[in-house]
Amino acid sequence: MKTDSLKWIDDRCLTVPEKGPQDKSLADYAKIVGEQKIEELLKLGEELKGVKVQQVNSARLGGGVAEMLHSVIPLENTLGPDVSWEVITGLPEFFAYTKTIHNFLQGKIGVPDLVGTKIYWDTNKENFQLINQNADIVLIHDPQPAGLIKFLDPETRKRQKWLWRCHIQLSPKDLIVTEFLRSLIESYDAAIFSSPKFLPSWKIPMTLILPYIDPLSEKNKELSEQEIRAVLDKYGIANIDKKPLIALVSRFDPFKGHSLALEAFKRVRKNIPCQLLLIGGTASDDPENQIIFEQLSVKARKLQDVHLLNLPPDSHAEINAFQRAAAIILQPSIKEGFGLTVSEGMWKEKPVIGGNAGGIPAQIVDGYNGFLITPGPEGAAEMADRITYLLQNPAVAREMGKRGKETVKERFLITRGLYDELLLFKNILFPAC
Ligand code: UDP
26 MKTDSLKWID
36 DRCLTVPEKG
46 PQDKSLADYA
56 KIVGEQKIEE
66 LLKLGEELKG
76 VKVQQVNSAR
86 LGGGVAEMLH
96 SVIPLENTLG
106 PDVSWEVITG
116 LPEFFAYTKT
126 IHNFLQGKIG
136 VPDLVGTKIY
146 WDTNKENFQL
156 INQNADIVLI
166 HDPQPAGLIK
176 FLDPETRKRQ
186 KWLWRCHIQL
196 SPKDLIVTEF
206 LRSLIESYDA
216 AIFSSPKFLP
226 SWKIPMTLIL
236 PYIDPLSEKN
246 KELSEQEIRA
256 VLDKYGIANI
266 DKKPLIALVS
276 RFDPFKGHSL
286 ALEAFKRVRK
296 NIPCQLLLIG
306 GTASDDPENQ
316 IIFEQLSVKA
326 RKLQDVHLLN
336 LPPDSHAEIN
346 AFQRAAAIIL
356 QPSIKEGFGL
366 TVSEGMWKEK
376 PVIGGNAGGI
386 PAQIVDGYNG
396 FLITPGPEGA
406 AEMADRITYL
416 LQNPAVAREM
426 GKRGKETVKE
436 RFLITRGLYD
446 ELLLFKNILF
456 PAC
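Be aware that the sequence shown starts at 26, since it is given in our numbering, and climbs by one per residue.
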């Protein structure tokens, strides 16, 4: 029987703006994280009733930011504040430029091609009409729309709070790119980062919010054996009992470590039957996908038991099934803002082998709920050793997977991220309370 408060929570169904209610409610979250956490959220949400928040990023689908926004915005709206979501648009040249900036901010070495600077500002200017002048808080994600703030009139700037959230591993070596971002972000009211390891020494209040996954989304909800099997059959992946599946889900991006995974797999497969699945997809703000996919296709063609899939960005149910079918999940990133795919794998009770970079060590405790490997080419041999160990010790792999799920339940579910975000809204608007 439901307690009174669970019933009350049950009445608060989640509504997706312009789409009608979702097939889940706050009560469904309460069953996972406990009623108390939901009641705390309801209380905080109540305090933010009537507050208008606008979130802005550069892709409706594809990548971790879109993944989180799809889940968090309906929840925020259910709890109290009035939250909208806008996505900036731009020409391919704009996204080519912002990907260059992204790569250099993550530590790419060389001379950045900054020819697109003008198109960056022109595109931000054109997109400025998306900004709701009545919003109390504008939350901008990543560098692509960060320039919007520059087009704000001084009067509106006085009444609106502008927050910038960084989802990348900020470790730039290039001074021009660093200065570009620093001077821009210092005009915000606060900046939010995903790891204490890459807080810059900028003159702006900074806060940490670790990212999160939604246990009830298409990507992460429970699936039946038949549903998983149907996806494997559709993509011609067979025999996973005899040849365990090792999966890497990531945008085809230079920092995600796909080639390292191939290298490690080649070593393991010499001695143990197994198969490797590399799944990626397009994000509209990432122009590198196709090039890297084609490079990988050439390498993979020569190898047996490698499946390379370039899926549409809304293939959440398929990815869920593949992650659940896998014996081991890889995320050998060389740089990583956070790496939602790590938590996604852990939530599905899989041992995850991840690069010791960015936000990954916040999720994986080496040897406890997965393994950390050296980011970069030296990590390939380590990854091969860890895969071999896990395939030869399935009981250990199962135990690590269980611990991984507990870790995610404790620290990386959306209810915690939502609380952190609402608290930040409250603190930024009502600092004395
Ligand atoms: N993802 C997806 N399709 C793909 C590749 C990735 O849906 O082909 C999802 C993945 O499941 C995860 C998100 O995109 O939810 C990636 O987030 P992460 O933080 O790992 O990396 P990002 O792409 O943001 O750098």
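In this text, a Cβ means the ideal position worked out from N, Cα and C, and glycines have one as well.
| Is the closest heavy atom of the ligand UDP to the C-beta of residue 163 under 7 angstroms? | Along the sequence shown, read from residue 1 onward, the residue named residue 163 stands at position 138. No; taking the cut-off as 7 angstroms, the Cβ of residue 163 has no heavy atom of the ligand UDP nearer than that.
| Whole-Å CB distance - residue 144 paired with residue 176, under 8 angstroms assumed | For the purposes of this step, residue 144 is taken as residue 119 along the sequence shown, with counting starting at 1. For the purposes of this step, residue 176 is taken as residue 151 along the sequence shown, with counting starting at 1. The Cβ separation is near 15 angstroms, so there is no contact.
| Any heavy atom of the ligand UDP closer than 7 angstroms to the Cβ of residue 276? | As a first step, residue 276 is located in the sequence shown; it is residue number 251 there, counting from the start. Yes, the beta carbon of residue 276 sits closer than 7 angstroms to at least one heavy atom of the ligand UDP.
| request: Measure the Cβ-Cβ separation of residue 389 and residue 412 and say whether it is below 8 angstroms. | output: Counted from its first residue, the sequence shown places residue 389 at position 364. Counted from its first residue, the sequence shown places residue 412 at position 387. Going by C-beta atoms, residue 389 is not nearer than 8 angstroms to residue 412.
| query | Looking only at C-alpha atoms, which of 270, 239, 242 and 241 sits nearest to residue 254? | reply | Here residue 254 refers to the residue found at position 229 of the sequence shown. Nearest option by C-alpha distance: 270.
| message | Under 8 angstroms, with one C-beta from each stretch per pair, do the stretch 245-262 and the stretch 346-363 reach the 3-pair mark? | response | yes
| Residue nearest to residue 178 in terms of C-alpha spacing, selected from 222, 275, 216 and 157 | For this step, residue 178 is matched to residue 153 along the sequence shown. The shortest Cα separation from residue 178 among 222, 275, 216 and 157 belongs to 157.
| message | For the alpha helix (DSSP H) containing residue 58, name the first residue and the last one. | response | For the purposes of this step, residue 58 is taken as the residue at position 33 of the sequence shown. Where residue 58 is concerned, the enclosing alpha helix (DSSP H) stretches over 51-58.
| Beta carbon of residue 341 nearer than 8 angstroms to that of residue 243 | As a position in the sequence shown, residue 341 is number 316, starting the count at 1. As a position in the sequence shown, residue 243 is number 218, starting the count at 1. It is a contact, given that the beta carbons lie within the stated cut-off.
| query | Sorry if obvious, but does the Cβ on residue 244 come closer than 7 angstroms to a heavy atom of the ligand UDP? | reply | Position 219 of the sequence shown holds residue 244. Indeed, a heavy atom of the ligand UDP lies less than 7 angstroms from the Cβ.
| Where does residue 227 fall in DSSP's three states? | If you number the sequence shown from 1, residue 227 lands on position 202. Looking at residue 227 - three-state DSSP - the assignment turns out to be coil, as it is neither helix nor strand.
| query | Where does residue 66 land, buried or exposed, given buried means 16+ other C-beta within 10 angstroms? | reply | One-based indexing of the sequence shown puts residue 66 at position 41. So residue 66 counts as buried.
| What number of angstroms, rounded off, separates the C-alpha of residue 13 from the C-alpha of residue 427? | For residue 13 there is no data in the structure shown, the boundaries of the chain being 26 and 458.
| field | Own chain partners of residue 241 with C-beta closer than 6 angstroms, once the 5 adjacent residues on each side are dropped | value | For the purposes of this step, residue 241 is identified with residue 216 of the sequence shown, where counting begins at 1. Correct list, in chain order: 49 and 53.
| Within this structure, are the beta carbons of residue 364 and residue 384 separated by less than 8 angstroms? | The residue you call residue 364 lines up with position 339 of the sequence shown. The residue you call residue 384 lines up with position 359 of the sequence shown. Closer than 8 angstroms, so yes.
| message | Once DSSP output is grouped into helix, strand and coil, what is the label at residue 201? | response | Here residue 201 corresponds to residue number 176 of the sequence shown, with the count starting at 1. DSSP places residue 201 in helix when its eight states are reduced to three.
| message | So, with DSSP's three-state summary, where would you put residue 289? | response | Along the sequence shown, read from residue 1 onward, the residue named residue 289 stands at position 264. Reduced to three states, the DSSP call for residue 289 is helix.
| query | Going by beta carbon distance, what residues of the same chain come within less than 8 angstroms of residue 414, once the five residues before and after it are set aside? | reply | Along the sequence shown, read from residue 1 onward, the residue named residue 414 stands at position 389. Excluding residues within five positions, the ones whose Cβ falls inside 8 angstroms are 421.
| field | Residue of 416, 186, 303 and 211 minimising C-alpha distance to residue 296 | value | On the sequence shown, residue 296 is found 271 positions in, with the first residue counted as 1. Ranking 416, 186, 303 and 211 by Cα distance to residue 296 puts 416 first.
| field | Same chain, Cβ closer than 7 angstroms to residue 343, five either side skipped, listed in chain order | value | Reading the sequence shown from its first residue, position 318 is the one you call residue 343. Closer than 7 angstroms at Cβ, skipping near neighbours: 256 and 336.
| Are at least three pairs of beta-carbons, each pair with one atom in the stretch 153-167 and one in the stretch 180-190, less than 8 angstroms apart? | yes
| query | What are the start and end residues of the beta strand (DSSP E) that includes residue 445? | reply | In the sequence shown, the residue the question calls residue 445 occupies position 420. Run containing residue 445: none in the beta strand (DSSP E); it sits in the alpha helix (DSSP H), 439-454.
| query | What did DSSP end up calling residue 428 once you bin it into helix, strand or coil? | reply | Numbered from its first residue, the sequence shown carries residue 428 at position 403. If DSSP states are grouped into helix, strand and coil, residue 428 belongs with the helices.
| field | Candidates 196, 217 and 226, of which the one nearest residue 234 by Cα | value | For the purposes of this step, residue 234 is taken as residue 209 along the sequence shown, with counting starting at 1. Looking at the Cα atoms, 217 is the closest of the given residues.
| query | According to the Cβ coordinates, are residue 159 and residue 281 closer than 8 angstroms? | reply | Along the sequence shown, read from residue 1 onward, the residue named residue 159 stands at position 134. Along the sequence shown, read from residue 1 onward, the residue named residue 281 stands at position 256. No, these two residues do not count as a Cβ contact at 8 angstroms.
| said: Going by beta-carbon coordinates alone, are residue 172 and residue 195 separated by less than 8 angstroms? | reply: For the purposes of this step, residue 172 is taken as residue 147 along the sequence shown, with counting starting at 1. For the purposes of this step, residue 195 is taken as residue 170 along the sequence shown, with counting starting at 1. It is not a contact, given that the beta carbons lie outside the stated cut-off.
| Burial state of residue 181 (16 or more Cβ within 10 Å) | Your numbering for residue 181 matches position 156 in the sequence shown. Under this definition residue 181 is an exposed residue.
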